[in-house]
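Below is one structure, written out as structure tokens; the observations come after it.
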Amino acid sequence: EHSWRDKRQLVALADMPCGCYLARNESGWIASNMHLSDDVDSPENILITCIEWTDEKIVYELENTGSEDWQYGSYYSLEVLLDGNWYKVPMNCDYNYAFTDELRVLKAGETKRVTVSLTGASHYSNLPEGHYRLVTYGVILEADWRGL
């Protein structure tokens, strides 16, 4: 019996600094080494539209159809659908990443275009084939991805 088991449990190997390597192999993602996605509480009156999803980037538009301004930031995550469940895609291990913590405002009736890089020194790159979603402050954009 190991005394440390009751004190601390790793939720997934994706918690480790090398989690992006442990969460996939040549066949694709390894769900048992990944975190299940959290429930997403989508904001009212905020629409997201995919403009482009390629090997290099994701381009989308956020539209505020409501009567009040909506506040958000630069953070986003990618999730992949495996066996009927959404899993968080670990960030790229080859680079040190952080998201800036600025406040962005989408005014009532306004639309903004956002571009996310998927190449080189980006948060996520070299994604295997699968069904993915980008999640940013409760707004979800889904797409099938053929992989690189």
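Using our numbering, the first residue of the sequence shown is number 1188, and each one after it goes up by one.
Note that the Cβ used here is the ideal one computed from N, Cα and C, for glycine as well.
- Between residue 1293 and residue 1251, the C-beta spacing is below 7 angstroms.
- Across the structure, residue 1255 and residue 1295 are spaced so that their CA atoms are roughly 5 angstroms apart.
- Distance between residue 1233 and residue 1253, taken at the CA atoms: about 7 angstroms.
- Here DSSP, grouped into helix, strand and coil, assigns residue 1219 to helix.
- If you ignore the 5 residues before and after residue 1325, its C-beta comes within less than 6 angstroms of the C-beta of 1227, 1228, 1229, 1230, all in its own chain and listed in chain order.
- The Cβ-Cβ distance between residue 1321 and residue 1263 falls below 7 angstroms.
- Counting other Cβ atoms within 10 Å of its Cβ, residue 1323 reaches 16 or more and is therefore classed as buried.
- For residue 1314, the secondary structure class from DSSP, reduced to helix, strand or coil, is coil.
- Separation of the CB atoms of residue 1215 and residue 1315 is rounded to 4 angstroms, and the pair is thereby assigned contact status at 8 angstroms.
- DSSP places residue 1263 outside both helix and strand once states are collapsed to three, so it counts as coil.
- Here the alpha carbon of residue 1297 sits roughly 8 angstroms from the alpha carbon of residue 1249.
- Take the alpha-carbon of residue 1332 and the one of residue 1291: they are about 29 angstroms apart.
- By the Cβ neighbour-count rule, residue 1245 is buried, with 16 or more other Cβ atoms within 10 Å of its own.
- Beyond the five residues adjoining it in sequence on each side, residue 1311 comes within less than 7 angstroms, by CB distance, of 1265, 1276, 1278, 1279, 1305 in the same chain, given in chain order.
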